[in-house]
Every structure is written in C-alpha cells, then in structure tokens.
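Worksheet for the structure shown next.
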Amino acid sequence: MKFMLDTNTCIYIIKQKSPQVLKHFKAYSVGEIGISSITLAELRFGVEKSQYIQKNQEALDAFILPLEIADFDEKAAKAYGEIRAEIEKAGNPIGSMDMMIGAHALSLGLTLVTNNTREFRKIKHLKVTDWTV
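Numbering (the numbering used here), first residue to last: 12 to 144.
This is the structure we're talking about:
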C-alpha cells in the first residue's frame, strides 16, 4: 500500500463528487490504496446515521471491496500517543479521529490522501497529498 485515504476522500469517491479524485483513484492498482480501520469506522457511522442505510451500505461495501483495510495496531497507537502529546504541547490541536488516521498513515510510512491538508500538516513527518487539486 502506498496511499491511505482519509474519510473525506472516500466520500468523494463513493459519491463520485470530484472528477480529479476519481482520476487519481483509478490510476492506481489494487493493493496501492487502502484505508485505516478508523476511517472504515467513520464511514460505517455515516451509513448508520443516513436516511438511506441500505443503499449507502451497498455503496460502501462496493467501495471497500478492492481496498486494503489496515488495522489500527500497537505501532499506530504508539505514534498516536506521541503525536497527540506533541500537538497538545504546541497548543495547536486537531480532531482526535483525524489525529488517529494521521498517526496510522505515519506509522505505516504511507501518504495520506485528504482535502483537509491544513489540519494534517500539523503532524510532523506525515506525507500528505490532496487529489482534489
């Protein structure tokens, strides 16, 4: 896996909202793109709170079928603890789910694909790219 998709990027792909994102997504082979189990949890939450649960569940299932889903493991948890402490000391916090996803990508040495680059750039050494531009 080379790229880890953030939740917002997944939503762009599922809803086919951005031609640029879809172009990038289709340019890579199976195995090169994946998501964090944290992102999957966020997506499942979105399905459950939606008005069209069945339709959205089917769309999510089809989306994740070719993706690698990385488990949030001990290495990711260690990275999260270090990153959260550093960011809080700096007084420049970001959302806890974003911090977990960023820590997970960093722990695996992956590039995080997001349109929320302003938040994720606060995580030192995290490689970030925005497929919407």
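Where is the CB? At the ideal position from N, CA and C, for every residue including glycine.
ask   = What separation, rounded to the nearest whole angstrom, lies between the Cα atoms of S40 and I98?
value = 34 Å
task = Look up E79 in the DSSP assignment and give the residues it is bridged to.
result = G45
ask   = Between I64 and the rest of its own chain, which residues show a CB-CB distance below 8 Å, the 5 nearest in sequence each way excluded?
value = V58
query = Taking C-beta to C-beta, are L119 and H136 nearer than 8 Å?
reply = no
ask   = In this structure, what does DSSP give as the bridge partners for L16?
value = I46, V124
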